[in-house]
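One structure is given below, encoded as structure tokens.
There are 4 protein chains.
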Amino acid sequence: MGLNELVDAIRMLTHAELIDYAGHCSLRRDAGSFFINSGASVRTSLTTADIVAVDLDGTLVEGTARPPLEFPLHAEIYRARPDVRAVMHTHPKWSTLLTMVGVPFRPVFPQGALLGDVPVLDTPLSVNTREMGARAAAALGAGPALLLKSHGAVVVGSDIVQCFALAIYLEENASRQYMAMQIGSPYVFSEAEQEACRARLASPALFRKAWDHYLAKLGH
Amino acid sequence: MGLNELVDAIRMLTHAELIDYAGHCSLRRDAGSFFINSGASVRTSLTTADIVAVDLDGTLVEGTARPPLEFPLHAEIYRARPDVRAVMHTHPKWSTLLTMVGVPFRPVFPQGALLGDVPVLDTPLSVNTREMGARAAAALGAGPALLLKSHGAVVVGSDIVQCFALAIYLEENASRQYMAMQIGSPYVFSEAEQEACRARLASPALFRKAWDHYLAKLGH
Amino acid sequence: MGLNELVDAIRMLTHAELIDYAGHCSLRRDAGSFFINSGASVRTSLTTADIVAVDLDGTLVEGTARPPLEFPLHAEIYRARPDVRAVMHTHPKWSTLLTMVGVPFRPVFPQGALLGDVPVLDTPLSVNTREMGARAAAALGAGPALLLKSHGAVVVGSDIVQCFALAIYLEENASRQYMAMQIGSPYVFSEAEQEACRARLASPALFRKAWDHYLAKLGH
Amino acid sequence: MGLNELVDAIRMLTHAELIDYAGHCSLRRDAGSFFINSGASVRTSLTTADIVAVDLDGTLVEGTARPPLEFPLHAEIYRARPDVRAVMHTHPKWSTLLTMVGVPFRPVFPQGALLGDVPVLDTPLSVNTREMGARAAAALGAGPALLLKSHGAVVVGSDIVQCFALAIYLEENASRQYMAMQIGSPYVFSEAEQEACRARLASPALFRKAWDHYLAKLGH
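Chains as they are written, first to last, in the working numbering: chain A, 328 to 547; chain B, 328 to 547; chain C, 328 to 547; chain D, 328 to 547.
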């Protein structure tokens with residue numbers, strides 16, 4: 328069931344154009360390994376057969392296809408963050424635009440408060456070595472998300488549904504922030520407002536609602 | 328038939344992306360109660376089974392699902408406005424962008440004149456208490472629409488079809504106002520032009536035409 | 328066959344979002360009458376049964392449905408322009424945005440040269456009287472297109488296919504002009520370049536190609 | 328099989344809106360001739376029957392339909408560049424917008440590094456004579472792409488799959504560059520970063536992945 332959810336998440340992120348011909352999502356398998364879509368998998372027609380399992384050094388432990396070259400991004404986050412059970416690396420348009428011009432991500436709509444102020448990894452290069460993965464994990468720190476300059480985003484969660492919802496919220500907030508910047512200076516939620524939003528919105532039922540909404544869209 | 332229309336309205340607003348994984352529409356049932364889609368309902372696949380009835384204090388009077396947490400937004404408007412028979416709370420992109428940067432909504436295309444100058448509730452927080460609902464109802468006053476800062480919109484009508492058409496017109500006007508602001512300063516209709524537009528466009532037949540247009544789109 | 332083409336043109340313009348829940352296209356029937364879609368017709372599901380014929384004073388000569396309130400826009404153009412056999416009144420987003428901020432339409436891409444410098448009717452009010460129709464026809468002059476301030480566009484042609492292609496080219500040029508204005512000042516084709524474009528592009532075969540391209544899209 | 332790939336490429340580029348009612352792609356047949364879609368072919372419903380073969384002077388050597396008027400654009404590139412086996416002439420929105428305002432294309436996302444700094448042919452006129460074709464080929468030089476001012480783009484490759492991927496990357500990079508310019512000044516990849524991107528991304532397997540991604544979209 329975890330693998331089905333992983334596949335659904337990738338398909339929904341592809342349908343929502345947060346993932347294109349690249350991008351990968353992973354699910355922790357145990358302390359030392361995780362499931363991830365293979366490097367060559369076609370995101371628009373993914374099935375569980377495209378999922379492999381690798382250990383934190385990239386050695387294949389289930390499946391036969393090659394893991395993506397950026398597996399260290401996932402591996403080093405799983406190593407550094409025992410609380411994380413899902414990692415999604417997306418190529419979201421709006422979030423990335425903010426990093427391209429050096430504008431910090433700020434919470435400008437209610438769900439954005441769940442992300443807070445998102446750090447940026449200050450290099451556009453691929454995260455495909457253990458050293459780069461460790462840099463990304465350090466930049467992520469204890470937070471839910473990291474932006475990769477002129478490249479993409481990484482979102483983590485304690486389960487796939489939460490991780491997916493946060494990946495969607497990140498991009499929705501960035502989209503609104505970008506759009507508002509074109510005609511003025513967007514209102515940034517106060518600390519008290521962010522706290523109120525988090526108290527109300529950090530709920531498994533609401534994460535599931537976002538998930539179900541996108542799952543219904545896939546049916547079209 | 329009222330409930331079918333309520334469901335159609337929500338489905339059309341979802342298809343038009345004015346409603347996403349949240350958002351709710353209601354229909355007055357009698358002086359002290361109204362129909363509304365349940366909090367957990369998936370907007371993309373809504374049926375009349377997702378509709379419940381609650382009284383103005385939120386007590387369920389028909390159905391078993393939980394009403395949305397923001398029911399007080401609807402309840403306090405029904406309490407304050409006996410003329411209102413339908414309330415739609417949407418999350419429209421363009422209208423909300425105006426509130427994020429403090430730009431007032433102004434009529435810049437013919438149908439926009441039916442909305443006039445739309446007030447803004449000056450808080451991004453959820454309208455989920457009787458007190459907040461009363462604040463929103465007071466801000467709405469006798470008008471057809473209210474914007475919620477960095478959050479969304481509320482549109483009211485004397486029936487569902489009119490309410491739906493106004494919800495669409497609000498967003499279309501906001502979209503044009505936003506877009507025009509990117510390359511200049513949009514022409515705002517004069518009072519006389521607004522009056523002429525209202526005289527011509529405030530017609531049940533034209534509201535129905537907008538409704539039928541969106542209903543036909545759902546068929547795709 | 329003329330009526331089928333008229334219906335196809337309206338359906339293609341609706342699909343391309345140049346026509347929404349309003350908008351109408353007409354075809355000259357003889358010196359004193361024309362075919363047009365009825366006022367109440369739903370553009371997304373139009374058939375030849377939605378077409379009526381009216382004389383230049385708006386008297387129904389074929390069919391039973393009511394002609395659109397803006398029939399004088401068509402009637403006065405047919406009266407003033409014996410060369411015109413098709414008139415399309417659309418609500419195109421980009422072209423209208425230019426009029427909202429007072430930016431003149433300029434040829435910035437090859438097909439735009441077929442429109443040249445397009446005049447603007449300086450009122451946002453509906454063209455629903457003979458007097459207003461005559462003002463619009465005068466503003467159009469001998470040209471192929473007229474913009475209606477904060478309202479829409481009118482394109483005329485010597486046949487439906489040409490008229491449709493020009494309606495598409497008008498909006499494509501306006502879209503590019505608007506988009507370019509957001510990052511700079513778009514290059515306007517020189518008189519010699521416009522002349523070269525007109526010599527090459529004012530061809531029935533190329534108009535038909537644009538038509539066939541959009542017709543194929545309808546099939547999706 | 329080459330012809331099937333040529334047809335697929337045109338259909339994918341049309342679906343992605345890089346090609347509209349015009350635009351043509353070609354495949355080298357031998358030192359002195361190439362395959363290309365006919366001038367009148369409808370891009371949205373293309374089949375191999377729409378492909379003809381012409382020599383470098385435009386004489387038909389296979390098929391009966393007329394080659395496009397801009398065949399010299401292809402012919403002169405094949406004459407000047409023995410390494411080129413595929414040429415795609417598209418009408419991409421974002422790339423062309425940059426040329427309309429005189430903003431040079433710069434690599435601002437990883438795949439953009441495969442294009443580098445793309446030259447611009449400084450005339451909006453059609454490339455439909457041998458002289459114009461030679462000017463375009465000279466402007467292209469030894470590079471992978473050329474922009475045509477206020478008109479479109481030309482991308483070349485050593486095979487169809489690579490050429491298609493580069494055509495997509497060109498437009499994706501331009502889109503990001505344009506969008507970022509609306510809210511600031513986009514970060515341009517350093518020479519070292521571009522070199523690292525090229526080393527990683529100039530791979531037949533990755534070109535094929537972009538191809539497969541778009542091919543799967545066609546299936547929808």
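Note that the Cβ used here is the ideal one computed from N, Cα and C, for glycine as well.
Burial state of residue i, where buried means 16 or more other Cβ atoms lie within 10 Å
i, result
"glutamate 458 (chain B)", "exposed"
"glycine 350 (chain B)", "buried"
"glycine 460 (chain C)", "buried"
"aspartate 384 (chain B)", "exposed"
"serine 530 (chain A)", "exposed"
"alanine 492 (chain B)", "buried"
"proline 399 (chain B)", "buried"
"glutamate 389 (chain B)", "exposed"
"proline 434 (chain C)", "buried"
"alanine 464 (chain C)", "buried"
"leucine 545 (chain D)", "exposed"
"alanine 358 (chain D)", "exposed"
Residues that DSSP places opposite residue i in a beta bridge
i, result
"leucine 354 (chain C)", "C:Phe362 and C:Ala413"
"alanine 472 (chain D)", "D:Val482"
"leucine 441 (chain D)", "Per DSSP, none; premise fails for leucine 441 (chain D)."
"leucine 448 (chain C)", "C:Leu475"
Under the three-state DSSP convention, the category residue i falls into
i, result
"isoleucine 378 (chain A)", "strand"
"leucine 383 (chain C)", "coil"
"glutamate 389 (chain D)", "strand"
"leucine 396 (chain C)", "coil"
"glycine 460 (chain D)", "helix"
"glutamine 521 (chain C)", "helix"
"phenylalanine 436 (chain D)", "coil"
"serine 310 (chain A)", "This structure cannot speak to residue 310 (chain A), because chain A is shown only from 328 to 547."
"aspartate 335 (chain C)", "helix"
"proline 531 (chain D)", "helix"
"aspartate 539 (chain D)", "helix"
"glutamine 509 (chain C)", "coil"
"arginine 370 (chain A)", "helix"
"alanine 349 (chain A)", "coil"
Contact with chain C by residue i, beta-carbon distance below 9 Å
i, result
"glutamate 520 (chain B)", "yes"
"aspartate 539 (chain B)", "yes"
"leucine 396 (chain D)", "yes"
Residue-level contact to chain D via CB, residue i, 9 Å cutoff
i, result
"serine 453 (chain A)", "yes"
"alanine 367 (chain A)", "yes"
"alanine 529 (chain C)", "no"
"alanine 532 (chain C)", "yes"
Cutoff 9 Å: residue i Cβ touching any chain B Cβ
i, result
"lysine 476 (chain A)", "no"
"alanine 463 (chain C)", "no"
"alanine 543 (chain A)", "yes"
"alanine 472 (chain A)", "no"
C-beta neighbour in chain A for residue i, strict 9 Å
i, result
"alanine 523 (chain D)", "yes"
"leucine 467 (chain B)", "no"
"glycine 546 (chain D)", "yes"
"alanine 358 (chain D)", "no"
"alanine 407 (chain D)", "no"
Discussion item. Counting only Cβ-Cβ distances shorter than 8 Å, please list the residues of the segment 490-516 of chain A near chain B, keeping chain order.
Written reply: Arg503, Met506, Ala507, Gln509, Ile510, Gly511, Ser512, Pro513, Tyr514 and Phe516
Worksheet item: When you check each C-beta in the segment 418-450 of chain B against every C-beta of chain C, which residues fall closer than 8 Å?
Response: Val435, Phe436 and Pro437
Discussion item. Closer than 8 Å between beta carbons: that is the criterion. Which residues of the segment 334-351 of chain C meet it against chain D?
Written reply: none
Worksheet item: Relative to chain D, which residues along the segment 366-392 of chain A have a C-beta separation below 8 Å, given in chain order?
Response: Ala367, Val369, Arg370, Thr371 and Ser372
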